[in-house]
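Written out below as C-alpha cells is the structure these notes cover.
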Amino acid sequence: MTETADPSQTGAHLVALTNLCKASADTLRLLVLRVLRTDSFGVSELCAIFDIRQPALSHHLKVLANAGLVAARREANSIFYRRSELGQNTHLEALQNSLFDTVDKIDLPPDIEGRLAGLQRQREENSANFFRDNAHKFHEQQDLIASYHQYADVVLQVLKDTPLKQHSTAVEVGPGDGSFLLELAPLFDRVVALDNAPGMLERARGKTSAAGLNNIEFILDDTRSSNLKKFQADCVVMNMVLHHTPDPGDVLQDVASCLAPGGVVLVTDLCNHDQGWARENCGDLWLGLDPQNLAQWAAEAGLEELAGIYLAQRNGFKVQVRLFGRA
Numbered sequence: 014m015t016e017t018a019d020p021s022q023t024g025a026h027l028v029a030l031t032n033l034c035k036a037s038a039d040t041l042r043l044l045v046l047r048v049l050r051t052d053s054f055g056v057s058e059l060c061a062i063f064d065i066r067q068p069a070l071s072h073h074l075k076v077l078a079n080a081g082l083v084a085a086r087r088e089a090n091s092i093f094y095r096r097s098e099l100g101q102n103t104h105l106e107a108l109q110n111s112l113f114d115t116v117d118k119i120d121l122p123p124d125i126e127g128r129l130a131g132l133q134r135q136r137e138e139n140s141a142n143f144f145r146d147n148a149h150k151f152h153e154q155q156d157l158i159a160s161y162h163q164y165a166d167v168v169l170q171v172l173k174d175t176p177l178k179q180h181s182t183a184v185e186v187g188p189g190d191g192s193f194l195l196e197l198a199p200l201f202d203r204v205v206a207l208d209n210a211p212g213m214l215e216r217a218r219g220k221t222s223a224a225g226l227n228n229i230e231f232i233l234d235d236t237r238s239s240n241l242k243k244f245q246a247d248c249v250v251m252n253m254v255l256h257h258t259p260d261p262g263d264v265l266q267d268v269a270s271c272l273a274p275g276g277v278v279l280v281t282d283l284c285n286h287d288q289g290w291a292r293e294n295c296g297d298l299w300l301g302l303d304p305q306n307l308a309q310w311a312a313e314a315g316l317e318e319l320a321g322i323y324l325a326q327r328n329g330f331k332v333q334v335r336l337f338g339r340a
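Count the sequence shown with my numbering and you get residues 14 to 340, in order.
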C-alpha cells in the first residue's frame, strides 16, 4: 500500500525550497555566504566589508536566515552571523551542501577581499594589543575559561604517547608564560618558543631561565616568519592559541610547512561556545573552534587527525586536544 503524502509537510518542504532558491538568487547574498565560510562576523563588520548601509544588509541577512543558510547569535549589544550547519533541513541538505561548495570556489572581488583583509588585520592588532596590555594578568585571564592545569597533563600524555621518529626539535607557538616549555625542554634536544607579544615572551623567558633550561630559543614573531620555515620540527604545539588568531587555517598551513617527516602538530583549544564576554575579557577572536572546522583546516594544510580528546570544564566550556600528522 502506497503511503499518502502529508499535504502540510509537502507544503513546508516547498516553502523551504522556495526560500533557499530565493536567498541564493542574489549576488550580494552569495558573497556574504562566501565571506562567512570559516568565520563569523558582526553586522557592523559585514557592513564595512561590503561597504553597505546596515538597513540594506539586514534585509539580505534576514532572507538568508529565513532560508536556514545563516544563523545569528547575540553578544552583548551586537549580533554575529555565521553559516548554518548542514543538515538543519535534511530534505534540502544535498542542495545546501552543493550551494556552499559552489560558493566556496568563488574568488572574492578585490575590493571586498581588501576590506576583509583589513578587518582581519584589525582583529589581529586588537588581540596583540590585549596581550601586550594584559601580560601581567595572564593567569587571571586564562583561568576565566580554562586554566593551564586543567588540560596540561592530558596534552603532555598525548605527546608522550606519540611515536615520534625523533625528538630533535619542538616548536611551541604562543607559549604563554612558558609553563609547557618546562615540559617540552626535557623531551627534545632543541625547543623554539614563537610569540608575537613581547611581554608574554619575556615572561616565558624568565620562567624557563629560573628553571635552568638552556635548550630553548625565543623568537619574537608569528607563524608567517621566515625563521619558522627553516626549522624541521618533530612536533609543533599550540595550546589555546588558535582562537586568538584571525585565520586558524592559515596558521595550520604555516606550521605544517615546517614539519619534519613523521612530525606532528598538537593543538589544544576551546570548542565553540556562545560566551561573548570572552572577546573583551580574554582577547578572543573566535568563540572557540568548531571541531569539524578544525579538522577541515588541518586537512587543507595536508594534515590528518591521529588522536582527539575532549575535556569538559566545570564552568561549561569544553576543551579539545587534537593531534595531527602529515597526511
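Idealized CB from N, CA, C, for every residue including glycine.
Considering only residues of the segment 180–250, which uninterrupted beta strand (DSSP E) runs meet the minimum length of 3 residues and lie entirely inside it, listed in chain order?
-> 182–186, 203–208, 229–233
Pairwise C-alpha distance: serine 97 and leucine 121 | 20 Å
Given 8 Å as the limit, is there contact between the segment 185–192 and the segment 200–220, that is, 3 or more CB pairs closer than that?
-> yes
Along the chain, where does the alpha helix (DSSP H) that runs through glutamine 342 open and close?
-> As shown, the chain starts at 14 and ends at 340. That puts residue 342 outside it, with no answer to give.
Could you check if phenylalanine 151 is buried or exposed, using at least 16 other CB atoms within 10 Å of its CB as the buried criterion?
-> At phenylalanine 151 the pLDDT is 47, less than 50, meaning the model places this residue with poor confidence and gives no usable figure here.
Starting from threonine 281, follow its DSSP beta bridges and name the residues at the other end.
-> Asn252, Val334
In angstroms with no decimal places, state the Cα-to-Cα distance between proline 304 and leucine 265.
-> 14 Å
According to DSSP, residues forming a beta bridge with leucine 272 = Ala246
How many Å lie between tyrosine 161 and leucine 241 at the Cα?
-> When the Cα atoms are used, tyrosine 161 and leucine 241 turn out to be separated by approximately 25 Å.
What separation, rounded to the nearest whole angstrom, lies between the Cα atoms of leucine 169 and methionine 253?
-> 14 Å
Residue burial classification, glycine 100 (beta-carbon count within 10 angstroms, cutoff 16) | Unreliable positioning characterises glycine 100 in this predicted model, as indicated by a pLDDT of 46, which lies under 50. The coordinate reading is nonetheless provided below. Looking at its Cβ environment, which holds fewer than 16 other Cβ atoms inside 10 Å, glycine 100 is exposed.
Would you say the segment 56–67 touches the segment 22–39, given that touching needs at least three Cβ pairs under 8 Å?
-> no
Go ahead and label isoleucine 229 buried or exposed: buried means 16 or more other beta carbons lie within 10 angstroms of its beta carbon, across all protein chains shown.
-> When all chains shown are included, isoleucine 229 counts as buried.
State yes or no: is the C-beta of valine 167 within less than 8 Å of the C-beta of valine 334?
-> Yes, these two residues count as a Cβ contact at 8 Å.
Assuming leucine 319 contacts valine 280 under a Cβ cut-off of 8 Å, what Cβ separation, rounded to an integer in Å, is found between them?
-> Going by Cβ atoms, the distance from leucine 319 to valine 280 rounds to 11 Å, so no, they are not a contact pair.
Would you say leucine 233 and proline 211 are within 8 Å of each other, going by their C-beta atoms?
-> yes
Residue environment, glycine 267, which counts as buried when at least 16 other CB atoms sit within 10 Å = The question names glycine, but residue 267 is aspartate in the sequence shown. Buried, since its Cβ has 16 or more Cβ neighbours within 10 Å.
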